[in-house]
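Taking the UniProt record's numbering, the leading residue of the sequence shown gets 1, the next gets one more, and so forth.
Ideal placement from N, C-alpha and C gives every residue a C-beta, glycine not left out.
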Amino acid sequence: MKLIQLEKPIFLIFIVIIFFSCKESEQKPGICLSFDDNYLEQWVGILPLLDKYDAKATFFLTGVGKLSEQEKAWLKEIQEAGHEIGAHGELHVPANSYIQSNGYRSYWQEEIQANVDALRAIDIRPKVFAYPYGEKNRIMDIALRITFQVSRSVVPLGEGYEEKALKKRPGFHYYSISIDESELPQVEKLKPLMERAKAEKKVLFIHAHTIGEQGAYTLSAQRLETVLAMGKDMGLDFRSIQNL
Numbered sequence: 001m002k003l004i005q006l007e008k009p010i011f012l013i014f015i016v017i018i019f020f021s022c023k024e025s026e027q028k029p030g031i032c033l034s035f036d037d038n039y040l041e042q043w044v045g046i047l048p049l050l051d052k053y054d055a056k057a058t059f060f061l062t063g064v065g066k067l068s069e070q071e072k073a074w075l076k077e078i079q080e081a082g083h084e085i086g087a088h089g090e091l092h093v094p095a096n097s098y099i100q101s102n103g104y105r106s107y108w109q110e111e112i113q114a115n116v117d118a119l120r121a122i123d124i125r126p127k128v129f130a131y132p133y134g135e136k137n138r139i140m141d142i143a144l145r146i147t148f149q150v151s152r153s154v155v156p157l158g159e160g161y162e163e164k165a166l167k168k169r170p171g172f173h174y175y176s177i178s179i180d181e182s183e184l185p186q187v188e189k190l191k192p193l194m195e196r197a198k199a200e201k202k203v204l205f206i207h208a209h210t211i212g213e214q215g216a217y218t219l220s221a222q223r224l225e226t227v228l229a230m231g232k233d234m235g236l237d238f239r240s241i242q243n244l
């Protein structure tokens, strides 16, 4: 009986610890910025601009096994600047159509595992993955949890979809809005979303591809600075996914 009385306070403390550790933690409001594909030369060129605004980003990389020595040097420079490197598939194929034709095993081995292995071969252990073409597959989401802490897809701006790009609490899967010139002709449309992120203490997810003045999947340095300045003026910090 005395033993039970002695252990009761310890048991209650244990329950309290579990309760508070299981509560969902809220994130500090901000903007999660990422870049997709394989534009290392262009990405290195924006490092001074990101540094100017104390912005950190996640760079999702594809085709790692074919990187030249120069590209590896640029990649190292990006890392040394404090940015995160994520996996983006070695083949960069649409997940659902590839799986339909080749199966889940082939997709995992040729797209996911090959990408992870290529990154590990150059001493990078990715913790985050972005589906090529912004797709999503529920079965793969389960498998991805074995290797990654986070996966990311894409939603278009408009028709209420952008709600998915605003997140209040940490999770496994996130959605992002493209800020490429072709996808977002009017960059001012980001402002209401940034205001919501600040007011509702949420994180807004945005992404781009290459840096340039024209062409598909391009974002000009001027537009990038506009986005960075807009966020900074609202008191929102730009962070990589690993720093959520």
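Going by the beta-carbon positions, is the gap between residue i and residue j smaller than 7 Å?
i    : j    : result
I31  : G231 : yes
F129 : A197 : no
H209 : S34  : no
G64  : L119 : Correcting the residue identity first, residue 64 is Val in this sequence and not Gly. Cβ atoms of V64 and L119: closer than 7 Å.
N96  : E69  : no
K28  : S240 : no
E80  : N115 : no
L61  : I85  : yes
L49  : E225 : yes
D180 : L144 : no
Decide if residue i is buried, meaning its Cβ has at least 16 other Cβ atoms within 10 Å, or exposed.
i           : result
D36         : buried
I211        : buried
I177        : buried
I142        : exposed
G103        : exposed
P126        : buried
residue 250 : A question about residue 250 goes unanswered here, because the residues of the chain that appear run from 1 up to 244.
At the level of alpha carbons, what is the spacing between residue i and residue j?
i    : j    : result
Y217 : G158 : 18 Å
V187 : F59  : 21 Å
Y161 : K52  : 31 Å
L244 : H83  : 13 Å
P9   : K191 : Residue placement at P9 is poorly supported in this model, since its pLDDT is 40, which falls under 50; the coordinates are not used for a value here.
P132 : A199 : 31 Å
I122 : R223 : 32 Å
S21  : D117 : Unreliable placement is indicated for S21, whose pLDDT of 38 sits below 50; no coordinate value is reported for it.
S106 : I112 : 9 Å
A73  : H92  : 22 Å
M140 : I46  : 33 Å
Q242 : L184 : 26 Å
D54  : F238 : 8 Å
L75  : V227 : 24 Å
E110 : Q42  : 27 Å
Return the chain-ordered list of same chain residues with a C-beta closer than 6 Å to the C-beta of residue i, the five sequence neighbours on each side being excluded.
i    : result
E71  : L40
I124 : I85
Leaving out five residues on either side along the sequence, give the residues of the same chain with a beta carbon under 8 Å from the beta carbon of residue i.
i    : result
M194 : I31, L204, M230, G231, M234, L236
V155 : G134, Y161, E162, K164, A165, Y175, S176, I177
F148 : A87, P126, K127, V128, F129
N137 : A95, N96, I99, Y131
S182 : A216, Y217, T218
W108 : M140, A143
Who are the near neighbours of residue i in its chain, counting only those whose CB is closer than 7 Å to its CB and skipping five residues on each side?
i    : result
Y174 : V150, R152, K167, F205
E213 : S220
K189 : L157
S101 : none
Unbroken alpha helix (DSSP H) runs of length 4 or more, entirely within the region 109-176: which are they? Along the region 109-176, the alpha helix (DSSP H) occurs as fully enclosed runs of 4 or more residues at 114-120, 138-144, listed in sequence order.
What are the uninterrupted segments assigned as alpha helix (DSSP H) that are 4 or more residues long and contained completely in the region 23-104, given in chain order? Counting whole runs of 4 or more residues, the region 23-104 contains the alpha helix (DSSP H) stretches 40-45, 47-52, 69-80, 95-102.
Taking only runs that begin and end inside the region 182-240, name each unbroken alpha helix (DSSP H) of 4 or more residues, in chain order. Qualifying alpha helix (DSSP H) stretches, in chain order: 190-199, 221-233.
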